[in-house]
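K.L.:
Chains as they are written, first to last, in this note's numbering: chain W, 52 to 502; chain B, 52 to 502.
All C-beta atoms in this analysis are idealised placements derived from N, C-alpha and C, irrespective of residue type, glycine included.
Number of protein chains: 2
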Amino acid sequence: MSAIEITKEFIEELTSHIDNEQMEDLSPILEKLFPQDIAEIFDDLNLDQAVYLASLLDDQKRVDVLTELEPEVKLKFLRGYSSDDIANTFFALMDSDDAADILNSIESEKSKEILRKLTDKEHSKNIASLLKFPENTAGSLMAKELIRVKLHWTVKQCTEEIRKQAEDVSNVFTAYVVDDYEELVGLVSLKKILLSPESTQVEKIYRDNVISENTYASGEEVASTMQKYDLVALPIVDAFGRLVGTITFDDVLDYVKDEAEKDYQMLSGISESVESTDSIWLNTRARLPWLIVGLAGGIASSLVIGNFEAELQKYVQLALFMPLIMAMAGNVGVQSSSIMVQGLANNSIDSKKIYGKLGKELAVAILNGLVCSLLLMGYGFISGNSKEIMMTVSLALLTVILLAAVVGTIVPLILDRLKIDAAIATGPFITTSNDLLGLFLYFLIGSLILG
Amino acid sequence: MSAIEITKEFIEELTSHIDNEQMEDLSPILEKLFPQDIAEIFDDLNLDQAVYLASLLDDQKRVDVLTELEPEVKLKFLRGYSSDDIANTFFALMDSDDAADILNSIESEKSKEILRKLTDKEHSKNIASLLKFPENTAGSLMAKELIRVKLHWTVKQCTEEIRKQAEDVSNVFTAYVVDDYEELVGLVSLKKILLSPESTQVEKIYRDNVISENTYASGEEVASTMQKYDLVALPIVDAFGRLVGTITFDDVLDYVKDEAEKDYQMLSGISESVESTDSIWLNTRARLPWLIVGLAGGIASSLVIGNFEAELQKYVQLALFMPLIMAMAGNVGVQSSSIMVQGLANNSIDSKKIYGKLGKELAVAILNGLVCSLLLMGYGFISGNSKEIMMTVSLALLTVILLAAVVGTIVPLILDRLKIDAAIATGPFITTSNDLLGLFLYFLIGSLILG
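(1) Is P286 (chain B) helix, strand or coil by DSSP?
(2) List in chain order: all unbroken alpha helix (DSSP H) runs of 4+ residues lying wholly within the stretch 225 to 267 of chain B.
(3) So that I know if they touch, is there some Cβ in chain W lying closer than 8 Å to that of E312 (chain B)?
(4) Answer with yes or no whether the minimum CB distance from R338 (chain W) to chain B is below 8 Å.
(5) So, with DSSP's three-state summary, where would you put L294 (chain W)?
(6) Determine whether the Cβ of K279 (chain B) lies closer than 8 Å to any Cβ atom of chain W.
(7) Compare the C-beta of F432 (chain W) against all C-beta atoms of chain B and say whether one is closer than 8 Å.
(8) Which runs of the beta strand (DSSP E), 3 residues or longer, sit entirely within the stretch 154 to 221 of chain B?
(9) Just to make sure I have the definition right: I need the residues of chain B whose C-beta is within less than 8 Å of the C-beta of L117 (chain W). Which are they?
(10) Among the residues of its own chain, which have a CB less than 6 Å from the CB of K168 (chain B), if the five just before and after it don't count?
(11) Is the Cβ of L488 (chain W) closer than 8 Å to any Cβ of chain B?
(12) Alpha carbon to alpha carbon, how far is S53 (chain W) from N260 (chain B)?
(13) Determine contact between the stretch 137 to 152 of chain W and the stretch 110 to 128 of chain W, defined as no fewer than three beta-carbon pairs at a distance below 8 Å.
(14) Would you report the Cα separation of S353 (chain B) and T477 (chain B), rounded to the nearest angstrom?
(15) Given a threshold of 16 other Cβ atoms within 10 Å of its Cβ, counted over all protein chains shown, does P86 (chain W) qualify as buried or as exposed?
(16) Report buried or exposed for T297 (chain W), applying the criterion of at least 16 other Cβ atoms within 10 angstroms of its Cβ.
(17) Since A245 (chain W) and I244 (chain B) are thought to touch, with beta carbons under 8 Å apart, how far apart are those beta carbons, to the nearest angstrom?
(18) Determine the DSSP secondary structure at S437 (chain W), reduced to helix, strand or coil.
(19) In chain W, which residues lie less than 9 Å from A414 (chain B) when you measure between Cβ atoms?
(20) Compare the C-beta of V206 (chain W) with all C-beta atoms of chain B and state if any pair is closer than 8 Å.
(21) Residues of chain W with CB closer than 7 Å to the CB of V307 (chain B), please, in chain order.
(22) Do you know offhand how far Q368 (chain B)'s Cα is from L453 (chain W)'s?
(23) Does the Cβ-Cβ distance between L492 (chain B) and A456 (chain B) come in under 8 Å?
(24) Listing by chain order, which chain W residues have their CB less than 8 Å from the CB of T483 (chain B)?
(25) Using the C-alpha atoms, what's the distance from N177 (chain B) back to K162 (chain B)?
(26) Give a yes or no on whether the minimum CB-CB distance between L454 (chain B) and chain W is below 8 Å.
(27) Per DSSP, which residues does T299 (chain B) bridge with? Please list them.
(28) Identify the contact partners of E360 (chain W) in chain B, using a Cβ-Cβ distance below 7 Å as the criterion.
(29) Using 8 Å as the limit for Cβ to Cβ distance, is Y315 (chain W) near chain B?
(30) Which partner residues of S269 (chain W) appear in the DSSP bridge assignment?
(31) Kindly indicate which three-state DSSP category V444 (chain B) falls into: helix, strand or coil?
(32) With contact counted as at least three CB pairs below 8 Å, one residue from each stretch, are the stretch 284 to 295 of chain B and the stretch 280 to 292 of chain W in contact?
(33) I'd like to know whether the C-beta of L501 (chain W) is nearer than 8 Å to at least one C-beta of chain B.
(34) For chain W, is any of its Cβ atoms less than 8 Å away from the one on S353 (chain B)?
(35) Just to confirm before moving on: does the CB-CB distance between R293 (chain B) and E234 (chain B) stay below 8 Å?
(36) Quick one, which of W:L197, W:D219, W:E218 and W:D148 has its alpha-carbon nearest N187 (chain W)'s?
Pasting the structure below:
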């Protein structure tokens, strides 16, 4: 772990040093902190404090801190600098993908100005070229910085190239081999370069079986390829097979975590990505849509039950077991749908094998339904409730579990076939529709048995 | 992407080649496939077919395929080999952490035999040393293979050491610097070694500010440190600060994904990690516990409502809105609890700031509650339901939303303080308790208003 732990007291001490501009106290502390730690501290500083603290850092560390800031903090912090400063003190030392991320979140007028001011025209062009890719494609996730070597080069030439690029490419793990048309043909690990004699040709030591993705591949495809093949970096090629960038493991780790959070929130009935630290307004807005779906479902339920008011009047005990039917319909539906959604996300389900999956989910549902119905009958026997009521509830329970499993299985598969993200079929959506269906069946069976 | 796509037809062709032992057809195909692809193919082979196919691979590739197999397939496949074979054809070429994983999942008698048969005693000792760490600690996740250099060495000596270790350490990104007591004092990147003159001393080029974790750190701590600092590998030290192993990015990527899946399944009410491809029996067993919780909750609900049977008899319309109250209590509870659980997992919530969080969740709940209650009143107005009933339902709805938010917020925080995984407080657990509470409040308010 880092040598310094960032506590509330530590931040208080630091801000008092900042407010008194005690550079001689701050510098030794800053030296020991990693960019990620300083970025964390920035969360608690105002703009003036942050700009002063940043002025004490060396150029590269200042850029690394900026890259690590949370999106909102990053934009706030950058307001302390002119377009010229942003271009030539920050962007000049920043990887193209991190710079493009920033440009994507500010007004396009200011973006253009920053790119114009950047004196390293090559770098400016690289950053601009990333802006054209749609969000969540490999093109938008990749960085242009990489080590590119030629098939006919010697190891010595490779080392020279790495030395030349060393400033721009912070993490070097692999050199990518291209032919005379810039097409990606293979790779050489840094280890191989280090251990081979200087005069060896790349041709002799490179691996020609290289995994790559196209610029238009989705973030999911990139993540699953890198995870499957344990890649520290994935080369990205254009439609002609020419090497145009790489995506590194840290980007993918962040991506996997973000996606998992999104799915989790979908299942919880939260429509936008929010954190507990976000504002009350944002938290309200993210949750309200699903609550209104739930409300509409509740009103629809009242209409369904309204049709059976006569039966309810006669057998008021039926009302007692409505919650049980609803809860079980909801639980079974969420279980089935989330298993499907995860399977689809992992590519372990082929949406064409729909009948097989359905059969299996039905078998599981029959087993679970029988166990639960028998337990309920057992309870009915010792509880002294009316036998007819308990018969009705148990039979309805079995039916509802079966139907909820079918709905929970089929809906995600259908959505997937329609190329809609199946994750929306989890959580409140499936619960609400199963509530409706479950209650209807319950009262239908009730009216048939109890007459 | 890989040159060959693995389709059903491809596997059929391959198995027919295997059954006819057509080595000359198989070898060129196998050469083009990555170990991960061959591992995928193994899923569809029987033991004889798998052993035959494995016999066509070179030693290192055979080991890489084994490492990539799914746990059950791996154990099944190893049954085709003697302890001696497992030790000296597989383990000899395998990273210590992968070997330890296998030993952890077979009988301890057979484990000991394999370790005894392994002729590389140093490697055998390394593997055995990993077995003593409890599951899900850094010690159990790390591999012993790493490049270790001394402070007073020259770059040339480092290169020699890397050459010596090159066979054992497949992915080299960094060399770790230790002092004479084997304590970790810093690191040198491979890039630095490559670009520095041979006579340079490690002392002159190493970075002394190195992030590490202890062997007893949890998997979560390891993952969050590596993610925060974008580390491709994390060195692990023992209680005396001595370097004992490393954890690499691919292990962490798998870990993060597995953990996310576990949380997702917890929220869906699935108690064990299952996939849609697992057996019917496993799928049933994983889901039944939460269904029984739901069943018990349903029975408890019937008892709660039973207390209000007289009111229900008098105002049967009250029954119509029970689903609405339950659905909303459940949805709000799941939303609040999942936001808390995610915040706790990301360390963005300090469980000591409990009052602040609670205040915020309450504010969000009041906003959402008011909107939903007003919408419901509006519906009541146009629907022609009895005014008293709609007043009761709307008031109960507001109360229930508030209370569900409180329960959803507090329960995970309390569990976290008690060092219990807060994720169990999501899904069916929170839904069931909120159902009970919601219904009780609903009928209580109903009996007060309607008399």
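P.N.:
On the basis of the supplied data:
(1) DSSP places P286 (chain B) in strand when its eight states are reduced to three.
(2) The qualifying runs are 241 to 246 and 253 to 256.
(3) Yes, E312 (chain B) counts as interfacial toward chain W.
(4) R338 (chain W) has a beta carbon lying within less than 8 Å of a beta carbon in chain B.
(5) Shown here, L294 (chain W) sits in a strand according to DSSP, grouped into three states.
(6) Closer than 8 Å to some Cβ of chain W, the Cβ of K279 (chain B) qualifies, so yes.
(7) It does not; no Cβ of chain B falls within 8 Å.
(8) Taking only runs of at least 3 residues, the beta strand (DSSP E) segments lying wholly in the stretch 154 to 221 of chain B are 199 to 201.
(9) Here the premise fails: no neighbours, minimum Cβ distance about 14 Å.
(10) Residues of the same chain with a CB within less than 6 Å of the CB of K168 (chain B), apart from the 5 flanking positions on each side, are S134, D135 and A138 in chain order.
(11) Judged by the 8 Å Cβ criterion, L488 (chain W) is not in contact with chain B.
(12) Summary for S53 (chain W): the model assigns pLDDT 49, below 50, so the residue's position carries little reliability; its value from the coordinates is reported in the next sentence. CA-to-CA, the gap between S53 (chain W) and N260 (chain B) works out to about 8 Å.
(13) Short answer: they touch.
(14) Rounded to the nearest angstrom, the two C-alpha atoms are 23 Å apart.
(15) By the neighbour-count rule (16 or more Cβ atoms within 10 Å), P86 (chain W) is buried.
(16) T297 (chain W) is buried by the Cβ-count criterion.
(17) According to the sequence provided, residue 245 (chain W) is Leu. The question's Ala does not apply to it. Correct: roughly 7 Å between the Cβ atoms.
(18) When DSSP states are grouped into helix, strand and coil, S437 (chain W) belongs to the coil group.
(19) Listed along the chain, the chain W residues whose CB falls inside 9 Å of the CB of A414 (chain B) are I331, N334 and T335.
(20) It does not: the Cβ of V206 (chain W) has no partner Cβ on chain B nearer than 8 Å.
(21) Here the neighbours are L304, V307 and K308.
(22) In this structure, the CA atom of Q368 (chain B) is about 29 Å from the CA atom of L453 (chain W).
(23) It is not a contact, given that the beta carbons lie outside the stated cut-off.
(24) Near T483 (chain B) (Cβ distances below 8 Å), the residues of chain W are A378.
(25) One detail in the question is off: residue 162 (chain B) reads as Ser in this sequence, not Lys. If I take the Cα positions, the gap works out to 14 Å.
(26) Taking Cβ atoms only, chain W never reaches closer than 8 Å to L454 (chain B), which makes this a no.
(27) As a beta-bridge residue in DSSP terms, T299 (chain B) pairs with B:A284.
(28) In chain order: V367.
(29) With 8 Å as the cut-off, Y315 (chain W) counts as an interface residue toward chain B.
(30) DSSP, once it has assigned bridges, lists W:T188 as partnering S269 (chain W).
(31) In this structure, V444 (chain B) counts as helix in the three-state DSSP scheme.
(32) No, because fewer than three Cβ pairs between the stretch 284 to 295 of chain B and the stretch 280 to 292 of chain W fall closer than 8 Å, the two stretches do not touch.
(33) Not one chain B Cβ lies under 8 Å of L501 (chain W).
(34) Yes, because at least one Cβ of chain W sits closer than 8 Å to the Cβ of S353 (chain B).
(35) E234 (chain B) is positioned such that its CB atom lies closer than 8 Å to that of R293 (chain B).
(36) Taking the Cα of N187 (chain W) as reference, the smallest distance to any Cα among W:L197, W:D219, W:E218 and W:D148 is reached at W:D148.
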